[in-house]
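Peer 1:
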Amino acid sequence: MGVPLLSVQNLSKHYDLGNNWFGGAQRWLKAVVDVSFDIARGETLSLVGESGCGKSTVGRAIAGLHSVTAGQVLLNGVAIGSPEAKVGGHWHRKIQVIFQDPYSSLNPRMRVRDIIAEPLRNFGMARTSGELEARVNRLIDLVRLPRDSGDRFPHEFSGGQRQRIGIARALAPEPELIICDEAVSALDVSVKAQIVNLLGELRHELGLSLLFISHDLAIVDHITDRVAVMYLGRIVEIGTRAELFETPKHPYTRALLSAVPVVDAHMRRERLLLKGELPSPLSPPSGCTFRTRCPLAEARCGTETPALLSLGGKQMAACHLLHSQNLNA
Ligand code: SF4
Numbered sequence: 048m049g050v051p052l053l054s055v056q057n058l059s060k061h062y063d064l065g066n067n068w069f070g071g072a073q074r075w076l077k078a079v080v081d082v083s084f085d086i087a088r089g090e091t092l093s094l095v096g097e098s099g100c101g102k103s104t105v106g107r108a109i110a111g112l113h114s115v116t117a118g119q120v121l122l123n124g125v126a127i128g129s130p131e132a133k134v135g136g137h138w139h140r141k142i143q144v145i146f147q148d149p150y151s152s153l154n155p156r157m158r159v160r161d162i163i164a165e166p167l168r169n170f171g172m173a174r175t176s177g178e179l180e181a182r183v184n185r186l187i188d189l190v191r192l193p194r195d196s197g198d199r200f201p202h203e204f205s206g207g208q209r210q211r212i213g214i215a216r217a218l219a220p221e222p223e224l225i226i227c228d229e230a231v232s233a234l235d236v237s238v239k240a241q242i243v244n245l246l247g248e249l250r251h252e253l254g255l256s257l258l259f260i261s262h263d264l265a266i267v268d269h270i271t272d273r274v275a276v277m278y279l280g281r282i283v284e285i286g287t288r289a290e291l292f293e294t295p296k297h298p299y300t301r302a303l304l305s306a307v308p309v310v311d312a313h314m315r316r317e318r319l320l321l322k323g324e325l326p327s328p329l330s331p332p333s334g335c336t337f338r339t340r341c342p343l344a345e346a347r348c349g350t351e352t353p354a355l356l357s358l359g360g361k362q363m364a365a366c367h368l369l370h371s372q373n374l375n376a
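Here this note's numbering runs 47 ahead of the position in the sequence shown, where the first position is 1.
Take a look at the structure:
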């Protein structure tokens, strides 16, 4: 395999919360801990997990919206933020983000035409006003909005149409990777499906790679090639769509999937219930951070952090039990 489009290597993001009120020890919030994955050209990888698991922080770090505490992110083999990337690669043009709430990310005082044209102007991607207009019109067509949309303001559109405007703006600088950060979470079910279909079509038409961040596994199933499951800042399982949806291995993945409604009775999974609440990332459990909710936890889980190891194929998981089963198989 050649150089992946995106390579995230041992990425960590810790927030310094200072001392507590009583002058105690420095407190750190470890939002992301030692996360690694690659995305190939044209591939979609989904990052899933409960709210607060660190998946959006990973997305924002890749987009350069957050500094990182440790590790690095490479685009086409070049570390983003490095002098080399700034000179030759315009990495900030090649990675674009679609946010959850398109309304708050669209300037209400700008016409749609100007919203879409803004990144084209910023990156000097049109030499004449005629070229600029042609590019904006093509983007409006690409996201399947009526041509006269350009003359209107964001408040004149529905939520789904506003997300299409956000997608057009993200596509304007001709990115190679789009990070969809809960991009369809705020939409109604039918509109959600339309936007996911649109993203899938655009990905094929334009050869894009997607990092699809979502807590909604039912939606992820429709768009992804691979899935990475996060829990308290770490990846606990990663694999192809088929591996994760058909043979989930980590107890957390199995619990998440067992809660997804399935129409086909043959596909129904045994319900695996999690114990208790998600622990605070300020004081994560020792050893395997999932142990306080894991129905299969054993003594070793409290003292040793499981490594993310291969289970065969492209599937990897971080669980002592799975690896001892693998060794004994
Ligand atoms: Fe459960 Fe232990 Fe596996 Fe963690 S390492 S998922 S606590 S069995």
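Where a beta carbon is used, it is the ideal one built from N, C-alpha and C, also for glycine. Quick caveat: nothing in here was measured; it's all calculated off a predicted structure.
DSSP three-state label for alanine 230, please.
Peer 2: In the structure shown, alanine 230 sits in coil (DSSP, three-state: anything other than H, G, I, E or B).
Peer 1: Evaluate leucine 234 with the Cβ neighbour count: other Cβ atoms within 10 Å of its Cβ, from every protein chain shown; 16 or more gives buried, anything less gives exposed.
Peer 2: Leucine 234 is buried by the Cβ-count criterion.
Peer 1: Pick out every residue whose C-beta is nearer than 5 Å to a heavy atom of ligand 1: which are they, in chain order?
Peer 2: Going by the Cβ distance cut-off, the answer is Pro298, Cys335, Phe337, Arg338, Cys341, Leu343, Ala344, Cys348, Pro353, Cys366, His367 and Leu368.
Peer 1: Could you tell me if lysine 322 is buried or exposed, where buried requires 16 or more neighbouring beta carbons within 10 angstroms of its beta carbon?
Peer 2: With fewer than 16 other Cβ atoms within 10 Å, it is exposed.
Peer 1: To the nearest angstrom, report how far apart aspartate 161 and leucine 329 are at their CA atoms.
Peer 2: Approximately 43 Å between the Cα atoms of the pair.
Peer 1: Let me know the alpha helix (DSSP H) ranges lying completely inside the stretch 268-342, each 4 residues or longer, listed in chain order.
Peer 2: Listed in chain order, the complete alpha helix (DSSP H) runs (minimum 4 residues) inside the stretch 268-342 are 288-293 and 298-305.
Peer 1: Could you tell me which whole alpha helix (DSSP H) segments of length 4 or greater appear in the stretch 150-201?
Peer 2: Whole alpha helix (DSSP H) segments, 4+ residues: 159-169 and 176-189.
Peer 1: Run through DSSP, which three-state label would leucine 245 get?
Peer 2: Correct three-state label for leucine 245: helix.
Peer 1: Measure the alpha-carbon distance for leucine 303 versus glycine 65 and round it to whole angstroms.
Peer 2: Leucine 303 and glycine 65: Cα-Cα distance of roughly 34 Å.
Peer 1: Does the stretch 194-208 come close enough to the stretch 259-275 that 3 or more CB-CB pairs lie under 8 Å?
Peer 2: In short, these stretches do not touch, since the Cβ pair count stays below three.
Peer 1: Can you give me the start and stop residues for the alpha helix (DSSP H) that alanine 364 sits inside?
Peer 2: Where alanine 364 is concerned, there is no enclosing alpha helix (DSSP H), although the beta strand (DSSP E) it sits in stretches over 362-364.
Peer 1: Kindly identify the DSSP beta-bridge partner or partners of isoleucine 142.
Peer 2: For isoleucine 142, which the question treats as bridged, DSSP gives the partners Leu224.
Peer 1: Taking its Cβ as the centre, do 16 or more other Cβ atoms sit within 10 Å of serine 103, making it buried, or is it exposed?
Peer 2: With 16 or more Cβ atoms within 10 Å of its Cβ, serine 103 is classed as buried.
Peer 1: Out of curiosity, what's the CA-to-CA distance linking glutamate 90 and proline 193?
Peer 2: Cα-Cα distance, rounded: 29 Å.
Peer 1: Histidine 367: which of Gly128, Leu291 and Leu343 sits nearest, CA to CA?
Peer 2: Comparing Cα-Cα distances from histidine 367 to each of Gly128, Leu291 and Leu343, the minimum goes to Leu343.
Peer 1: Which residues bound the beta strand (DSSP E) around glutamine 119?
Peer 2: Note, glutamine 119: beta strand (DSSP E), 117-122.
Peer 1: Am I right that isoleucine 212 and proline 201 are in contact with their C-beta atoms under 8 Å? What's the rounded C-beta distance?
Peer 2: Isoleucine 212 to proline 201, Cβ: 7 Å. Contact.
Peer 1: Tell me whether the stretch 140-156 and the stretch 226-233 touch, counting them as touching only if at least three CB pairs, one residue from each stretch, are closer than 8 Å.
Peer 2: Touching, per the Cβ criterion.
Peer 1: Would you kindly work out how many angstroms separate the C-alpha atoms of arginine 156 and asparagine 169, rounded to a whole number?
Peer 2: C-alpha separation (whole angstroms): 18 Å.
Peer 1: Should aspartate 272 be labelled buried (16 or more other beta-carbon atoms within 10 Å of its own) or exposed?
Peer 2: When all chains shown are included, aspartate 272 counts as buried.
Peer 1: Would you mind working out which of Ser327, Thr300, Ala354 and Ser371 sits nearest cysteine 341, comparing C-alpha positions?
Peer 2: Minimum Cα distance to cysteine 341 is reached at Thr300.
Peer 1: According to DSSP, what are the bridge partners of threonine 91?
Peer 2: Looking at the DSSP assignment, threonine 91 forms a beta bridge with Leu257.
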